[in-house]
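Asker: Quick one: the structure is below, and I'll ask about it shortly.
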Amino acid sequence: MGEANQPVQGSGLSRRTTITFYLPEELRSRARAVYRSTSFEEKDSSWSEMLNKALLTEIGRREAIYNDGVPFTGRDDPLPPGRPIGF
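If you count the sequence shown from 1, you need to add 38 to reach the working numbering.
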């Protein structure tokens, strides 16, 4: 089994997949510096694990605010491209 199909440690999730997105270079650099400086203390097994933890934190915050703490139902249909109108 390849790395993409391994369980995500500590998340309760069973399969992994790849994701591609854009972010400012400064944010990437800052996140990498945080990982390098804290991965041992935080027991991150990989860069991906740290990013998973960060994403799960934001997902949990939004579910708490907008869905009474209940997980939203996931779907695999494509997300709309670009920025939402009105921002």
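Using N, Cα and C, we set each Cβ at its ideal position, and we do this for glycine too.
Because the structure is a prediction, the values reported are computed rather than measured.
Quick one: grab the DSSP three-state call for residue 60.
Answerer: Taking the sequence shown and counting its residues from 1, one reaches residue 60 at position 22. It is coil, neither helix nor strand.
Asker: Under the assumption that residue 88 contacts residue 77 (Cβ atoms under 8 Å), give the Cβ distance between them as a whole number of angstroms.
Answerer: For the purposes of this step, residue 88 is identified with residue 50 of the sequence shown, where counting begins at 1. For the purposes of this step, residue 77 is identified with residue 39 of the sequence shown, where counting begins at 1. Going by Cβ atoms, the distance from residue 88 to residue 77 rounds to 7 Å, so yes, they are a contact pair.
Asker: Tell me whether residue 111 is buried or exposed, calling it buried when 16 or more other Cβ atoms sit within 10 Å of its Cβ.
Answerer: Start at 1 with the first residue of the sequence shown, and residue 111 comes out as number 73. A residue is called buried when at least 16 other Cβ atoms come within 10 angstroms of its Cβ; residue 111 does not meet this threshold and is exposed.
Asker: Using only the alpha-carbon positions, how far apart do residue 106 and residue 66 sit?
Answerer: Along the sequence shown, read from residue 1 onward, the residue named residue 106 stands at position 68. Along the sequence shown, read from residue 1 onward, the residue named residue 66 stands at position 28. Approximately 31 Å between the Cα atoms of the pair.
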